[in-house]
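Colleague: Those protein sequence lines, which keep their order, are chains A and B. If you count by full-length UniProt numbering, then the first sequence holds residues 1 to 360, one letter each, in order. If you count by full-length UniProt numbering, then the second sequence holds residues 1 to 360, one letter each, in order. Backbone N, C-alpha and C define an ideal beta-carbon position, used for all residues, glycine too. Quick caveat, the model's predicted, so the values are computed rather than measured.
Protein chains: 2
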Amino acid sequence: MSSAPLAPGATIGILGGGQLGRMLSVAASRLGLKTHIFEPGAHPPAGQVADRVTTADYDDEDALRAFATSVDVITYEFENIPTAALDLLESLRPVRPNREALHFSQDRLVEKTFLEGLGLQVAPFAEVNGASDLAAAMESTGTPAILKTRRLGYDGKGQARIGAAGDARAALDAMNSAPSILEGFVDFTFEVSVIAARGLDGEVVCFDPGQNVHKDGILATTTVPAALSAPQHRQAIEAARKILGALDYVGVMGIEFFVKQDGLIVNEIAPRVHNSGHWTQNGCVIDQFEQHIRAVAGWPLGDGSRHSDVVMENLIGEDMARLPALAADPANALHLYGKADVKPGRKMGHVNRITGPAKG
Amino acid sequence: MSSAPLAPGATIGILGGGQLGRMLSVAASRLGLKTHIFEPGAHPPAGQVADRVTTADYDDEDALRAFATSVDVITYEFENIPTAALDLLESLRPVRPNREALHFSQDRLVEKTFLEGLGLQVAPFAEVNGASDLAAAMESTGTPAILKTRRLGYDGKGQARIGAAGDARAALDAMNSAPSILEGFVDFTFEVSVIAARGLDGEVVCFDPGQNVHKDGILATTTVPAALSAPQHRQAIEAARKILGALDYVGVMGIEFFVKQDGLIVNEIAPRVHNSGHWTQNGCVIDQFEQHIRAVAGWPLGDGSRHSDVVMENLIGEDMARLPALAADPANALHLYGKADVKPGRKMGHVNRITGPAKG
Numbered sequence: 001m002s003s004a005p006l007a008p009g010a011t012i013g014i015l016g017g018g019q020l021g022r023m024l025s026v027a028a029s030r031l032g033l034k035t036h037i038f039e040p041g042a043h044p045p046a047g048q049v050a051d052r053v054t055t056a057d058y059d060d061e062d063a064l065r066a067f068a069t070s071v072d073v074i075t076y077e078f079e080n081i082p083t084a085a086l087d088l089l090e091s092l093r094p095v096r097p098n099r100e101a102l103h104f105s106q107d108r109l110v111e112k113t114f115l116e117g118l119g120l121q122v123a124p125f126a127e128v129n130g131a132s133d134l135a136a137a138m139e140s141t142g143t144p145a146i147l148k149t150r151r152l153g154y155d156g157k158g159q160a161r162i163g164a165a166g167d168a169r170a171a172l173d174a175m176n177s178a179p180s181i182l183e184g185f186v187d188f189t190f191e192v193s194v195i196a197a198r199g200l201d202g203e204v205v206c207f208d209p210g211q212n213v214h215k216d217g218i219l220a221t222t223t224v225p226a227a228l229s230a231p232q233h234r235q236a237i238e239a240a241r242k243i244l245g246a247l248d249y250v251g252v253m254g255i256e257f258f259v260k261q262d263g264l265i266v267n268e269i270a271p272r273v274h275n276s277g278h279w280t281q282n283g284c285v286i287d288q289f290e291q292h293i294r295a296v297a298g299w300p301l302g303d304g305s306r307h308s309d310v311v312m313e314n315l316i317g318e319d320m321a322r323l324p325a326l327a328a329d330p331a332n333a334l335h336l337y338g339k340a341d342v343k344p345g346r347k348m349g350h351v352n353r354i355t356g357p358a359k360g
Numbered sequence: 001m002s003s004a005p006l007a008p009g010a011t012i013g014i015l016g017g018g019q020l021g022r023m024l025s026v027a028a029s030r031l032g033l034k035t036h037i038f039e040p041g042a043h044p045p046a047g048q049v050a051d052r053v054t055t056a057d058y059d060d061e062d063a064l065r066a067f068a069t070s071v072d073v074i075t076y077e078f079e080n081i082p083t084a085a086l087d088l089l090e091s092l093r094p095v096r097p098n099r100e101a102l103h104f105s106q107d108r109l110v111e112k113t114f115l116e117g118l119g120l121q122v123a124p125f126a127e128v129n130g131a132s133d134l135a136a137a138m139e140s141t142g143t144p145a146i147l148k149t150r151r152l153g154y155d156g157k158g159q160a161r162i163g164a165a166g167d168a169r170a171a172l173d174a175m176n177s178a179p180s181i182l183e184g185f186v187d188f189t190f191e192v193s194v195i196a197a198r199g200l201d202g203e204v205v206c207f208d209p210g211q212n213v214h215k216d217g218i219l220a221t222t223t224v225p226a227a228l229s230a231p232q233h234r235q236a237i238e239a240a241r242k243i244l245g246a247l248d249y250v251g252v253m254g255i256e257f258f259v260k261q262d263g264l265i266v267n268e269i270a271p272r273v274h275n276s277g278h279w280t281q282n283g284c285v286i287d288q289f290e291q292h293i294r295a296v297a298g299w300p301l302g303d304g305s306r307h308s309d310v311v312m313e314n315l316i317g318e319d320m321a322r323l324p325a326l327a328a329d330p331a332n333a334l335h336l337y338g339k340a341d342v343k344p345g346r347k348m349g350h351v352n353r354i355t356g357p358a359k360g
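(1) Shorter than 8 angstroms from the beta carbon of Gln261/B to some beta carbon of chain A?
(2) Return no unless some Cβ of chain B is closer than 8 angstroms to the Cβ of Gln48/A.
(3) Could you list the residues in the stretch 4–28 of chain B with a C-beta less than 8 angstroms from some C-beta on chain A, going in chain order?
(4) Report all residues from its chain with a CB closer than 7 angstroms to the CB of Thr280/B; omit the five preceding and five following residues, and keep chain order.
(5) What ranges does the alpha helix (DSSP H) occupy inside the stretch 46–124 of chain A, keeping only unbroken runs of at least 4 residues that lie completely in it?
(6) How far does the alpha helix (DSSP H) with Gly184/A in it extend, from its first residue to its last?
(7) Which residues in chain A sit within 7 angstroms of Val285/B, going by Cβ to Cβ distance?
(8) Which same chain residues, not among the five before or five after Val296/B, have their C-beta less than 7 angstroms away from its C-beta?
(9) Apart from the five residues on each side of it in sequence, which residues of its chain come closer than 8 angstroms, Cβ to Cβ, to Val71/B?
(10) Any chance the stretch 326–338 of chain B sits against the stretch 241–248 of chain B, with 3 or more Cβ pairs inside 8 angstroms?
(11) Mapping the DSSP letters down to three states, classify Pro40/A as helix, strand or coil.
(12) Arg272/B: buried (16+ other C-beta within 10 angstroms of its C-beta) or exposed?
(13) Going along the chain, which residues of its own chain have a beta-carbon closer than 8 angstroms to the beta-carbon of Asp133/B, five neighbours each way excluded?
(14) The alpha helix (DSSP H) with Thr143/A in it runs from where to where?
(15) Beta carbon of Gly338/A, beta carbon of Gln48/A: below 8 angstroms?
(16) Just to make sure I have the definition right: I need the residues of chain A whose C-beta is within less than 7 angstroms of the C-beta of Ser308/B. Which are they?
(17) Starting from the C-beta of Ala101/B, find all residues in its chain whose C-beta is less than 7 angstroms away, skip the five residues before and the five after it, and write them out in chain order.
(18) Taking Lys148/B and Gly163/B to be in contact with their CB atoms under 8 angstroms, please state how far apart those CB atoms are, rounded to whole angstroms.
(19) Just the Cα atoms here: how many angstroms apart are His214/B and Leu182/B?
(20) Taking Cβ-Cβ distances shorter than 8 angstroms, what residues in chain B pair up with Lys34/A?
(21) So, is the C-beta of Cys206/B closer than 8 angstroms to a C-beta in chain A?
(22) Check whether the Cβ atoms of Pro40/B and Asp57/B sit closer than 8 angstroms, and answer yes or no.
(23) What is the DSSP secondary structure of Phe257/A, counted as helix, strand or coil?
(24) Using the beta-carbon of each residue, which ones in chain B are nearer than 7 angstroms to Pro330/A?
(25) Mind checking who Phe190/B pairs with in its DSSP beta bridge?
(26) With Val296/A as the anchor, note down where its alpha helix (DSSP H) starts and where it stops.
(27) Roughly how many whole angstroms lie between the Cα atoms of Gly156/A and Ser105/A?
(28) Taking beta-carbon pairs under 8 angstroms, can you tell me which members of the stretch 45–69 of chain B lie near chain A?
(29) What residues of chain B sit near Ala42/A, judged by a beta carbon separation below 9 angstroms?
(30) The alpha helix (DSSP H) with Met23/B in it runs from where to where?
(31) For Gly349/B, decide whether its Cβ has a neighbour in chain A, counting only Cβ atoms nearer than 8 angstroms.
(32) Which residue marks the beginning of the alpha helix (DSSP H) containing Leu315/A, and which one marks its end?
(33) With 16 as the cutoff for other CB atoms within 10 Å, does Tyr154/B come out buried or exposed?
(34) Could you list which residues in chain B have their beta carbon closer than 9 angstroms to that of Pro357/A, in chain order?
(35) With H, G and I counted as helix, E and B as strand and the rest as coil, what does DSSP make of Ala196/A?
(36) Buried or exposed: where does Asp87/A fall if 16 or more other Cβ atoms within 10 Å of its Cβ makes it buried?
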C-alpha cells in the first residue's frame, strides 16, 4: 500500500465533491483508477463522474471509517478538513498531501512564518488578537493593510481593508473575534501562480507560471505565458521546489506570487489543485488534475510542458448566459461543473481560450 | 427537445458501457451534461464515470422505456443494436446518429451498395448465400478474397480468407450459413481513417486522417499525420463529407480508406466514435468524444485542428505488463479503460505518444 504505485482498478478517495473533485475524478479515470467522493452536500458535481459517493458530515465517524476502508489512498480538494476527521482517516489509509502541508496552509500566520523560515519573501505581517495588538501591528506593517482571519479564509471572505486607524474598529468587528493576521500591502505589478507537483519519489514537475487577474476577490482570468523575465520565471520555480521539498509534499500545490520589480513575494499556498491551473487542461498533455492523481497514486509524474498558449476565464454566476456564444467560438474549450443552480458569485465553469502554439 | 441545444444539466443516454461509452461520458461531463449508460453486462467500464447505469438486456422493454424517459437524447457506442430495442427507444427520444446510419453500417452489402451509389470507390464485392453463389462471386471479385458475414462483423470475427477454390468449403462453414459478402482484395499501400463529425445544423468538421496498422485483425496503431499527398488528403475529407451529408448524419463517424496509387477505396464506415480517433484526445483541443457529444446534444461543433503529432497505440491483453515503462515515459499520455480482467485480445487501454508539434 505505502509506496508501490496503485494498480489500475484501485480506488482514490477524495474529500470534497465540488468542481476540483469532479475534474480529479475524470483524471483518475484516464489512469484506470476509480474514485469515491466524500461530501456532506447532496448531489455533488463530482458525484456525476465518480464510481461512488458518500453523503455524510465530517463528524460522522462511521461514514468516515467506511469511506476510508473502501479506498486505497485519500486526497482532498480543499484544505479546511476538520482535524478530528483527518486523525481518523490517517489512521486507516495514507492521506496525500500530508498533514504537514495542511498544517501550514490552514493558518495564514503559520504559513507566513514557515515561508519566511525558508528564506522566501512574504508581505509584512503581524499577529492580531484584539484592539491592542492591532495598533502595534499597523505600526509594523504600515497602512493600508488587510486584516484577515488566520483560518478558513477563501475567495475574499473573512477579510477587511484598513486604510487608516479609523477603519480598525469595523475591521476587527468583521473578524468576529477570530485570531487574525494583519498583512501589509505589497506594491506589486501583477500576480502569478505556479502549479507544482511532487511525486512520492521526490521528483518535482512545475507547470509554467500563469498570470492572474482577480475581480471582487475571485480569480477572473489566468494567462499563459505570464509576463515574467527569465530570472523571475526561474525564481518562481525555485521557490516552488523549495516549498514542496520542505514539506515532503506529495501531490499538486498552487503557489501565488506577487511580482515586484526587484523580486517575487509569496502570497499564498494551496495544498491542492488550483483554479489558476485549469489552463493546463488545454495547454499541456498531462494537466494538473492527472498530475495530482499520478502523485497521490505513487505513479511517476507526467510531462508538464506547455504545447499551447491559453487564457483561462472563470464563468461565474451570470457568465453562464454567455454560453451559446462561448460554445460557438472555435478557439474555446469549455469546462462546466454540472452545478444545478446558477448563483451570483458561484463558479459554474471555465473556458480555456487557445491563443496559439506555445511561445515565450 | 428536438433541435434546441441541450442545456447543462441535461442527460445523454448511451447504449453500451465499454471504453467508448466511458470516454463519451467524460467528454459529456466537460460540457456540464450527465450520462446514463444502458448495458447488459455488470460493472461496465463506463459506469465508473457515468451519473447512472442501467444493467438490463436489450429485450427488456420496461428497462428500455425507463432508460429512455430518464434522458434527453440517446446515442450509442456500437452499431449492432437490436432493431426492436431501437424501435422502442426512437418512439420516446431522439436517437442520434439516426436509423439511416445504422441501417447502412449494420450490413456490409447494403453499406457497399450505398457507398458505390455515392460515386465512391469500394473493393469489388458480391453477395453470397451459399456454395453456388460463392463460385460466381469468386469469378466476379477474383481471388484471393475474403468471405464475411453481412452483419455483426467486428475486429476480424466472422471472416474467412479464400485464396483459391479449395478454401471455399471451409470459408462457407465458418459463416455458419449466415448471409455473406465476398470482398475482393485491394492491392493498397496503407490504410487511413477519417474521423468526421456532423452537427445538427449540418456543419461538418473532420479531424486529420490517421494512418492505421492492424495486427491479427485488430487496430494496433494510428499515426498522425498520415503519409497522404495533398490530393489524397482532400479526397478523403470530401468522401467523408459526402457520406455524412447523404445520411443526414448527426454525430461522429469513423471512415476507413485503403490508399492506392491512383485513389482511395472506402473500406468501412462506423457510425460512432472510433478507435482510430483516440489520438484526438492528445492531438486536438476538442477530441472525437466531445465532438460527438456536441453533435448529439445539438451544440455547435468544436475546432478539429491538430496541435500535436501523435502515435496512438492500443494496449491489448498482455501489453498491460508494459504499464510501468509506459507511465514513466514523459512523451506518453495514458488512457486506461478500468476493465477488471486482463484477457488476451482484450482492449485494455491505449497510449498516445506525442511525437512533436503538428506538422505536415
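Modeller: So, from the listed chains and residues:
(1) Put simply, the CB of Gln261/B is far from chain A, with every gap to its CB atoms at 8 angstroms or more.
(2) Yes, Gln48/A counts as interfacial toward chain B.
(3) Hits within the stretch, in order: Pro5, Pro8, Gly9, Arg22, Ser25 and Val26.
(4) Hits under 7 angstroms: Ile195, Phe207, Asp287 and Gln288.
(5) If we require 4 residues or more, the alpha helix (DSSP H) runs fully inside the stretch 46–124 of chain A come out as 61–69, 83–90, 99–105 and 108–117.
(6) According to the DSSP assignment, Gly184/A belongs to no alpha helix (DSSP H) but to the beta strand (DSSP E) extending over Ser180 to Gly184.
(7) Taking a Cβ-Cβ threshold of 7 angstroms, the residues of chain A close to Val285/B are Asn282, Ala333 and Ile354, in chain order.
(8) Excluding residues within five positions, the ones whose Cβ falls inside 7 angstroms are Ile12, Val73, Thr75, Arg96, Val250 and Gly251.
(9) Excluding sequence neighbours, Val71/B sits near Thr11, Ile12, Gly13, His36 and Arg93.
(10) Flag = no, the stretch 326–338 of chain B and the stretch 241–248 of chain B do not touch.
(11) If DSSP states are grouped into helix, strand and coil, Pro40/A belongs with coil.
(12) Per the 10 Å Cβ criterion, buried.
(13) Excluding residues within five positions, the ones whose Cβ falls inside 8 angstroms are Ala126 and Glu127.
(14) Per DSSP, Thr143/A lies in no alpha helix (DSSP H) and is assigned neither H nor E.
(15) If you check the CB distance, Gly338/A and Gln48/A come in under 8 angstroms.
(16) Near Ser308/B (Cβ distances below 7 angstroms), the residues of chain A are His307.
(17) The residues Leu247, Tyr249 and Pro271, in chain order, have a CB closer than 7 angstroms to that of Ala101/B in the same chain once the five nearest residues on each side in sequence are set aside.
(18) 15 angstroms between Cβ atoms; not a contact.
(19) Going from the Cα of His214/B to the Cα of Leu182/B covers about 20 angstroms.
(20) Within 8 angstroms Cβ-Cβ: Gln48 and Gly338.
(21) No, Cys206/B lies away from the interface with chain A (no Cβ there is under 8 angstroms from its Cβ).
(22) Inclusion of Pro40/B and Asp57/B in the CB contact set at 8 angstroms is warranted, their separation being smaller than that value.
(23) Looking at Phe257/A - three-state DSSP - the assignment turns out to be strand.
(24) Neighbours of Pro330/A on chain B, chain order: Gly302 and Asp303.
(25) Note: Phe190/B sits in a beta bridge opposite Val259/B.
(26) That run of the alpha helix (DSSP H) goes Gln288 to Val296.
(27) A caution first: Gly156/A carries a pLDDT of 49, below 50, which makes its placement in the model unreliable, though a value can still be read off. Between the alpha carbons of Gly156/A and Ser105/A lies a distance of about 16 angstroms.
(28) Per Cβ criterion, the list reads Gly47, Gln48, Val49, Ala50 and Asp51.
(29) The contacting residues do not exist; Ala42/A stays about 14 angstroms from chain B at best.
(30) Per DSSP, Met23/B belongs to the alpha helix (DSSP H) from Gln19 to Arg30.
(31) The Cβ of Gly349/B sits closer than 8 angstroms to at least one Cβ of chain A.
(32) For Leu315/A, there is no enclosing alpha helix (DSSP H); the enclosing beta strand (DSSP E) has its first and last residue at Ser308 to Ile316.
(33) For Tyr154/B, the pLDDT reaches just 47, beneath the cut-off of 50, and the residue's location in the model is therefore unreliable, leaving the point undetermined.
(34) Taking a Cβ-Cβ threshold of 9 angstroms, the residues of chain B close to Pro357/A are His307, Pro357 and Ala358, in chain order.
(35) Residue state, collapsed to three classes: strand.
(36) Residue environment for Asp87/A: exposed (fewer than 16 other C-beta atoms within 10 angstroms of its C-beta).
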